[in-house]
Every structure is written in C-alpha cells, then in structure tokens.
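Residue numbers (the numbering used here): 1 to 296.
C-beta atoms are modelled at their ideal positions from N, C-alpha and C, and glycine is treated no differently.
In what follows, a structure is listed as structure tokens, so that the remarks can point back to it.
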C-alpha cells in the first residue's frame, strides 16, 4: 500500500468543523509516517472528479472529512475499487460513521484510528446500496420523511436544522397515507398504503434515528422498514421511538429483508444518505462487499 493518503475535505461541514478537523486528522496520519495531500473541490462535481483522479492515481486511501454528504460523495469514488475509505465524521448526522463504529466529532481520535488501520492493513468489506449508478451507505428514505426534506430544502428561512423541524410540523398537518407499490427480489407487487418506506443498508439516518435498527452492513440484504398508514396521533407516538429502534415493535411497523427493492409512488422523492436521488419509482440493489473501509 502506498504511503500517500488523500484527505477529501468538506470545509463547510458541521458549520465549519470540516476545515478545522482536517488539521488534527492530517497530523495523526503524518505522525504515523504517511504523506498526506488534501482535495477540496470548488463544488460537489469538481470534488468528485478530484477524488476519482486520486483513486485512479493509486492513492493509499481516501479519507472523507465531513458529514454524511461527504462520505456519500467519497463512496462514488471508491465503491467497486480496492482503495480503502476512511471517515473523519464531523458533520451534523454522521450516520455512516456510526454504522461503522467510528468516532464522531473527534477528528484526532478518528485520524489515529485510520492511521493504525492503515499501518496494520486492517480493512473490512461492507455492503452498499445502489440506485442506478449512485451508491449509498445508510438509508434510502421515502414518504413522510422525504417530504419533510423536500419542504425544508425549499425554505430559505430559518437556517439550520430548525427549518426541518418547522417543515415536519407543516407536513404533519397536511399528511395523508401514501399508496405504494413495493416489489421485493422480483416477486409479486405489493399494493400498500404507508406513511414511509425506508430501505436500510445501515441502521440509521437523520443523526441517529434508527429507522432500520436491525440492518447489517455485511449480510448482503437490505432491511426495509414500512410504517403503515396511520394518523397524526399514532405517528407522533411512533416517531420518538425511532431513536432507540423500539418503533419496530409497533403494530403499524413491518420489516422485510431483500437484496433488491422496487419502490413506486406518486409525488414522492427518494433520498439516500440525506442526498436527493429523484422521484420514485426507484430500484435499489444491495451490493455485497462493495467498499473497503478502515473501521473496527
């Protein structure tokens, strides 16, 4: 493995934590004898081009510094290659890092862990989801939660997470169950009404909401959580339980496992790793051992 390592940095992640986090992470790597170069793109497209060039050029590892959006962008560069991925998680959600058991908002500790893993050649293969040519590591969200994202993304004010809280209140007031067509592993089409359908490679989204609490990133299968048709009162009862994963016991919630999921519904957007994929219908496939990660 080459001693040159690439830091793939989002300087604006976590309200500026990305820029600050790159320094202790790089210091930990250099202290372990690695040569570190930093990639910062002018925008997402430029950053991805630079990351792919580093991978194609034989970098020893690509280390994403930022949040779930940056980890997702890094996946587009390393998935399907032998280049290992490290994550210095300093964003708002950090669900991909949590799923891998990595430190969150502790860049020096995360950098030291990455350095130790590289020195010991300790890497492991984990599954990824794929929709078309786009990879994702955690959860593909659709339904109530994706409509909250849609509304929040349209709002100019307020800024930060508070606007998504307001968007949730607004969506809750207007929400009606959504007719879905769900197909698992090419079987029969299931016509259902649901509040949301979440396709989990990892267990959580939204900064620790364990919507697919039983998901295993090494079993070659998605966990698909379906929250059935329910009223606002039931939704308000179920939703807080998502943080502990105890919502899975609720009678309105069912869980399926499949390697391929086809989702169709009118006027519903899909988001994966918090990034917009596009309108349904979408087909997601679980790809076993799609990426090498520097993680315990």
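Among residues of its own chain, excluding the 5 on either side of residue 282, which ones have a beta-carbon nearer than 7 Å to its beta-carbon? Taking the first residue of the chain shown as position 1, residue 282 is located at position 282. Same-chain partners within the cutoff: 131, 263, 270.
Report yes or no: do three or more beta-carbon pairs, one from the region 49-65 and one from the region 106-123, lie closer than 8 Å? yes
Please state if the CB of residue 30 and the CB of residue 36 are separated by a distance shorter than 7 Å. Your numbering for residue 36 matches position 36 in the chain shown. Your numbering for residue 30 matches position 30 in the chain shown. Yes. Within cutoff.
Under the DSSP definition of a beta bridge, which residues are partnered with residue 222? Taking the chain shown and counting its residues from 1, one reaches residue 222 at position 222. DSSP output for residue 222 lists 258 as bridge partner(s).
Please name the residue or residues paired with residue 8 in a DSSP beta bridge. The residue given as residue 8 occupies position 8 in the chain shown. Paired residue(s): 39, 64.
Quick check on residue 201: buried or exposed, where buried means 16 or more other Cβ atoms within 10 Å of its Cβ? Here the question's residue 201 lines up with position 201 in the chain shown. The residue is buried, with at least 16 neighbouring Cβ atoms inside 10 Å.
To the nearest angstrom, report how far apart residue 127 and residue 175 are at their CA atoms. Taking the first residue of the chain shown as 1, we reach residue 127 at position 127. Taking the first residue of the chain shown as 1, we reach residue 175 at position 175. Their backbone Cα atoms lie some 34 Å apart in a straight line.
Integer Cβ distance of residue 242 from residue 199, believed to fall under 8 Å: Within the chain shown, residue 242 is the residue found at index 242, counting from 1. Within the chain shown, residue 199 is the residue found at index 199, counting from 1. Contact doesn't hold; Cβ gap of about 15 Å is too wide.
How many angstroms separate the CA atom of residue 73 from the CA atom of residue 276? As a working note, residue 73 is residue 73 in the chain shown. As a working note, residue 276 is residue 276 in the chain shown. Roughly 12 Å separates the two Cα atoms.
The beta strand (DSSP E) with residue 136 in it runs from where to where? Here the question's residue 136 lines up with position 136 in the chain shown. 134-136 is the span of the beta strand (DSSP E), which, as asked, contains residue 136.
Rounding to the nearest angstrom, what Cα-Cα distance links residue 214 and residue 220 in this structure? Along the chain shown, read from residue 1 onward, the residue named residue 214 stands at position 214. Along the chain shown, read from residue 1 onward, the residue named residue 220 stands at position 220. Computed Cα separation, rounded: 13 Å.
What did DSSP end up calling residue 109 once you bin it into helix, strand or coil? As a first step, residue 109 must be located in the chain shown, where it is residue number 109. Residue state, collapsed to three classes: helix.
In whole angstroms, what is the alpha-carbon distance linking residue 141 and residue 129? The sequence position of residue 141 within the chain shown is 141, counting from 1. The sequence position of residue 129 within the chain shown is 129, counting from 1. Roughly 12 Å between the two C-alpha positions.
Please classify residue 189 as buried or exposed, where buried requires at least 16 other C-beta atoms within 10 Å of its C-beta. Taking the first residue of the chain shown as 1, we reach residue 189 at position 189. Exposed, since its Cβ has fewer than 16 Cβ neighbours within 10 Å.
Out of curiosity, what's the CA-to-CA distance linking residue 255 and residue 222? By 1-based counting over the chain shown, the position of residue 255 is 255. By 1-based counting over the chain shown, the position of residue 222 is 222. About 10 Å.
According to DSSP, is residue 81 part of a helix, a strand, or is it coil? Taking the chain shown and counting its residues from 1, one reaches residue 81 at position 81. The answer is coil: DSSP assigns residue 81 none of H, G, I, E or B.
For the beta strand (DSSP E) holding residue 190, just list the boundary residues, first then last. Looking up residue 190 in the chain shown gives position 190. Taken as a continuous stretch (DSSP letters only), the beta strand (DSSP E) holding residue 190 covers 190-200.
Applying the 10 Å Cβ sphere with the 16-neighbour rule, what's the burial state of residue 3? Taking the first residue of the chain shown as position 1, residue 3 is located at position 3. Label assigned to residue 3: exposed.
Excluding the five sequence neighbours on either side, which residues of its own chain have a C-beta within less than 8 Å of the C-beta of residue 24, listed in chain order? Here the question's residue 24 lines up with position 24 in the chain shown. Contacts found: 107, 108, 111.
Indicate whether residue 178 and residue 143 have their beta-carbon atoms separated by less than 7 Å. If you number the chain shown from 1, residue 178 lands on position 178. If you number the chain shown from 1, residue 143 lands on position 143. Yes, they are a contact pair.
Which of the three DSSP states is assigned to residue 294 in this structure? Within the chain shown, residue 294 is the residue found at index 294, counting from 1. Residue 294 falls in the coil class under three-state DSSP.
By Cβ distance below 6 Å, which residues in the same chain neighbour residue 226 in space, the five residues on each side in sequence not counted? Looking up residue 226 in the chain shown gives position 226. So the list reads 194, 197, 254, once near-sequence residues are dropped.
Report yes or no: do the region 78-88 and the region 44-59 share at least 3 C-beta pairs separated by less than 8 Å? yes
If we ignore side chains and look at the alpha-carbon of each, how far apart do residue 218 and residue 252 end up? Counting from 1 along the chain shown, the entry for residue 218 is found at position 218. Counting from 1 along the chain shown, the entry for residue 252 is found at position 252. Cα to Cα, residue 218 sits roughly 28 Å from residue 252.
Touching or not, the region 146-158 and the region 224-238, by the rule of three or more beta carbon pairs under 8 Å? no
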